[in-house]
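Encoded as structure tokens, the structure appears first; notes follow it.
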Amino acid sequence: MKSIFFTALLLVIVLVIVGANKAFNKNPVKKGQWEKQDIISCGPSALELTTGDNGKFIPVLPGWGHHGYTISTSNDSTQLYFNQGINFYYSYHFREALASFKEAARFDPTCAMAYWGQALSMGPYYNMYYYKMKKGVPAVLKLMNSYMPGANEKEKGLIMAMQQRYSTDTTNADRSKLDSNYASAMFLLTKQYNTDDDIKALYVDAVMLAHKWDFWNNNGKPKPWTTELVTLCEEILKRNSFHPAALHYYIHVTEASKHPELALHSANVLKDVLPGVGHMVHMATHMYQRNGLFTKGVNVNEEANTANNQVDSIAPHLGIGKNTILHIYAVQSYCAMNAGMYSKGMPVYMRARNRLLDLRPDIEKDAYSQYIYMMPVIAWVRLGRWQQIVQSPAPDAKWKYALVLDDFARGLAHVHSKNLKAANLCLKNIELNMNDSLLAVREMPFNKPVQCAGIAAGILKGELLNAEGRGSEAVAALRQAVAEEDELIYREPQEWLIPARQYLGAVLLQMNRPKEAEDVYREDLIANPGNGWSLLGMYNSLLAQNKITVAAKFKTGYIKAFKDADVKPLASVF
2 MKSIFFTALL LVIVLVIVGA NKAFNKNPVK KGQWEKQDII SCGPSALELT TGDNGKFIPV
62 LPGWGHHGYT ISTSNDSTQL YFNQGINFYY SYHFREALAS FKEAARFDPT CAMAYWGQAL
122 SMGPYYNMYY YKMKKGVPAV LKLMNSYMPG ANEKEKGLIM AMQQRYSTDT TNADRSKLDS
182 NYASAMFLLT KQYNTDDDIK ALYVDAVMLA HKWDFWNNNG KPKPWTTELV TLCEEILKRN
242 SFHPAALHYY IHVTEASKHP ELALHSANVL KDVLPGVGHM VHMATHMYQR NGLFTKGVNV
302 NEEANTANNQ VDSIAPHLGI GKNTILHIYA VQSYCAMNAG MYSKGMPVYM RARNRLLDLR
362 PDIEKDAYSQ YIYMMPVIAW VRLGRWQQIV QSPAPDAKWK YALVLDDFAR GLAHVHSKNL
422 KAANLCLKNI ELNMNDSLLA VREMPFNKPV QCAGIAAGIL KGELLNAEGR GSEAVAALRQ
482 AVAEEDELIY REPQEWLIPA RQYLGAVLLQ MNRPKEAEDV YREDLIANPG NGWSLLGMYN
542 SLLAQNKITV AAKFKTGYIK AFKDADVKPL ASVF
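Residue 2 is where the sequence shown starts when you use my numbering, and the numbers rise one by one after that.
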């Protein structure tokens, strides 16, 4: 009787809080072509699963750490697979998580928490903006509820909260409300079980799902829900410095801030705590690239790819897919070009392109795929490989965003060869292709490609004007490009890969305006801490002002940043 009363009371309290709580509601957005795509395809998706030849959904996998969460079961295998499942859920490896929870239920079919884990794994996730309920969810919820009497009071609370996450509306029209309801229910549990770090982590996850990639304003101020999440992650890590969810989520809720160094330690720990989980290894690069540690970013993404391949080899029936995580290659490419890597970097850039074409040969209506396709060309711009740019074939004429990036690269190459007529033609091509409807489609919750096209046009225009001796107009064009770049919503890697301030600073130095250049580079080092290109720009601007002592510090910084470079820059841009 006490259990029934508690459950009923909990449901009433949750519904009251949900009715009053508007903190998690999101403005409705128009669905575009991205509805069925991952925001960032970091980890394998959770699709329908089958067993392997041995009748198991998944074996015990290596390298997922030692974190566990005790549940009501007398079966050791169920507990083991539940622990594996919760670690993979925290890691955004939902396919492995779901299979693990299914395996837990295979050993103990009466364990309610095994079905709770399945419902958890089949729900919305951070890197998918739009979500439609999986067809297997209702059956899992029915099993979860039918075995709830065997759960303890805390588990019943988690089960009741899980019921808030789903509805009978298969159109997903009420997803925003459901996300809010679930977050509210988890908030209640954090107050009731305030020493349970996993409940707190699940609450952080719930709020993150209600505000995907939306924690910081571009001026560095937190969104209303952000401070609580940061604080909760820090509280968990004070008690348990190896908690996988807190390490992971702390990176996500701080990476777009003006202080990405906050979670750098978490990045270093996370990749070592879960060395067999590809996304958790990869997560280190979120902090490495935000702190200018680009060589480490290149290396850790290779380790992440190896970890994914290992899982694929051990459990091929899961269909994880070797070498298919394009996001890993995109971030690795960004890190390699910023580390000044050409010889070592070219295989990285080309792998991103080639794997993209293997997986998505038709990218005419996919601007983000065109962006990945152009990684080698943007790397050539970053590294000043002008001859390779002009000698390379142009993209397919139907790939309008790829053409914008290609004309940006070719235009700069022509500026450097003093073929200003050809450069002007490239600028006109950019301005023409900017009007294509594809570039106006926003990939929620990030940016429209036309925004980056505007930055490309502004930089090329500024470089052209400077080459024509129209310095003041060049500075104005580049400042406009900077302003447009500052409006971009953070993404990893950045959707515009070469900061406009680095072009502006270089032009100001050419015009013998070193103090203004210094100010520009200082601003860029706030936006891109530790970036060797802006450290070099700072050094050059300080040296031009005869600030020898201060300049020495920045020289040390840029030399360290380019220690693995085979292309040594002399300025912030080529």
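Idealized CB from N, CA, C, for every residue including glycine.
Host alpha helix (DSSP H) of Gly158 (start-end): 154 to 164
Rounded Cβ spacing between Leu319 and Arg96 (contact assumed at less than 8 Å): 6 Å
Burial state of Asp180, where buried means 16 or more other Cβ atoms lie within 10 Å: buried
Rounded Cβ spacing between Ala211 and Ala184 (contact assumed at less than 8 Å): 5 Å
Simplified DSSP state of Trp387, which is helix, strand or coil: helix
Rounded separation between Ala162 and Ala186 - CA only: 5 Å
Extent of the continuous alpha helix (DSSP H) to which Gln495 belongs: Careful: Gln495 lies outside any alpha helix (DSSP H) and carries neither H nor E.
As assigned by DSSP and simplified to three states, the class of Trp226: coil
Residue burial classification, Arg383 (beta-carbon count within 10 angstroms, cutoff 16): buried
Inter-residue spacing [alpha-carbon to alpha-carbon] between Ser393 and Val521: 33 Å
For Trp217: DSSP bridge partner residues: Pro223
For Lys65, the first and last residue of its enclosing alpha helix (DSSP H): First, the residue type needs correcting, since residue 65 is Trp and not Lys in the sequence shown. Here Trp65 belongs to no alpha helix (DSSP H), and DSSP marks it neither H nor E.
C-beta contact flag for Val416 and Ala501 at 8 Å: no
Boundaries of the alpha helix (DSSP H) in which Ala100 is found, first to last residue: 95 to 108
Same chain, Cβ closer than 8 Å to Tyr251, five either side skipped, listed in chain order: Val231, Cys234, Glu235, Leu238, Leu263, Ala264, Ser267
Pair within 8 Å by beta-carbon distance, Ala518 and Gly533: no
Extent of the continuous alpha helix (DSSP H) to which Ile83 belongs: Note that residue 83 is Phe in the sequence shown, not Ile. Note, Phe83: alpha helix (DSSP H), 77 to 91.
Status (buried if at least 16 other CB within 10 Å, exposed otherwise) for Gly221: exposed
Minimum length 4: unbroken alpha helix (DSSP H) runs contained in the segment 287 to 341: 295 to 315, 327 to 339
Exposure of Gly455, with buried meaning 16 or more beta-carbon neighbours within 10 Å: buried
Length of the line joining the Cα atoms of Gly558 and Ile373: 29 Å
Own chain residues within Cβ distance below 8 Å of Met435, not counting five before or after: Val405, Val451, Ala454, Gly455, Ala458
6 Å CB neighbourhood of Gly298 in its chain, flanking five on each side removed: Thr286, Tyr289, Gln290, Cys336
Touching by the beta-carbon criterion (3+ pairs, under 8 Å), the segment 541 to 555 and the segment 302 to 314: no
Residue environment, Asp54, which counts as buried when at least 16 other CB atoms sit within 10 Å: exposed
Through-space distance from Ala424 to Phe409, alpha-carbon basis: 9 Å
Burial state of Thr296, where buried means 16 or more other Cβ atoms lie within 10 Å: buried
As assigned by DSSP and simplified to three states, the class of Ala484: helix
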